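Q:
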Amino acid sequence: RSFCYVDDQVEAMLRIMDTPDDFTGPVNCGNPDEYTILELAERIIELTGSRGGLEHKPLPGDDPQQRCPDIGLARETLGWEPKVPLHEGLRHTIEYFDALLSARGKKGSQASATEKPAMRRRDAAEG
Numbered sequence: 004r005s006f007c008y009v010d011d012q013v014e015a016m017l018r019i020m021d022t023p024d025d026f027t028g029p030v031n032c033g034n035p036d037e038y039t040i041l042e043l044a045e046r047i048i049e050l051t052g053s054r055g056g057l058e059h060k061p062l063p064g065d066d067p068q069q070r071c072p073d074i075g076l077a078r079e080t081l082g083w084e085p086k087v088p089l090h091e092g093l094r095h096t097i098e099y100f101d102a103l104l105s106a107r108g109k110k111g112s113q114a115s116a117t118e119k120p121a122m123r124r125r126d127a128a129e130g
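Positions in the sequence shown are counted from 1; adding 3 to them yields the numbering used here.
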């Protein structure tokens with residue numbers, strides 16, 4: 004899989020909007036760095052300090068084995084490529100959701116960002 008931080012995506016979209024009217028796409032604006040879902044999960048666990056385990060499930064039959072965008076046209080035409088590495092993007096995302104949960108009355112710790120969504124929904128319904 005490839006993951007592109009939102010700030011990088013916004014920058015790409017702004018550059019696309021600034022192209023001449025005769026420019027046509029499509030333009031892949033993603034991150035060509037590839038990670039497995041396991042690598043992603045391990046990084047999230049590392050950043051959040053979660054003690055939750057991982058549950059391995061088989062891939063769906065139609066799941067593409069590789070998703071890596073070719074950003075050559077974005078580099079060439081827009082002078083764009085992603086700048087935010089996965090680790091940094093995850094850290095920013097976790098901080099964002101931790102602050103959001105804290106503002107909603109949850110305790111402001113990284114553990115709050117790692118609660119299971121169903122538990123948060125149940126707690127919200129009861130509260």
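Note that beta-carbon positions come from the ideal geometry of N, C-alpha and C, so glycine has one too.
Note that the structure is a prediction, hence the values are computed from the model and not measured.
1. Less than 9 Å between the beta carbons of E37 and C71, yes or no?
2. How far does the alpha helix (DSSP H) with L93 in it extend, from its first residue to its last?
3. Taking 9 Å as the threshold (C-beta atoms), are I74 and G28 in contact?
4. Note down the Cα distance separating S5 from A44, rounded to an integer number of angstroms.
5. Please classify D65: is it buried, with 16 or more other beta-carbons within 10 angstroms of its beta-carbon, or exposed?
6. With 16 other CB atoms within 10 Å as the buried threshold, where does D101 fall?
7. Please report the straight-line C-alpha distance between V9 and L76, rounded to a whole angstrom.
8. Quick one: give me the first and last residue of the alpha helix (DSSP H) that T22 is part of.
9. Let me make sure I understand the geometry here. Which of C7, K86, I40 and E84 has the alpha-carbon closest to that of K60?
10. Using 8 Å for Cβ pairs, my map puts R94 next to L50. What's the rounded Cβ distance?
11. Between which two residues does the alpha helix (DSSP H) carrying T51 extend?
12. Please identify the residue among G92, I19 and P63 whose C-alpha is closest to the C-alpha of E79.
13. Can you look up E84 in the DSSP assignment and give me helix, strand or coil?
A: For this structure:
1. yes
2. L89 to A106
3. no
4. 13 Å
5. exposed
6. buried
7. 19 Å
8. Unbroken run through T22: none, as it is neither H nor E.
9. I40
10. 6 Å
11. I40 to T51
12. I19
13. coil
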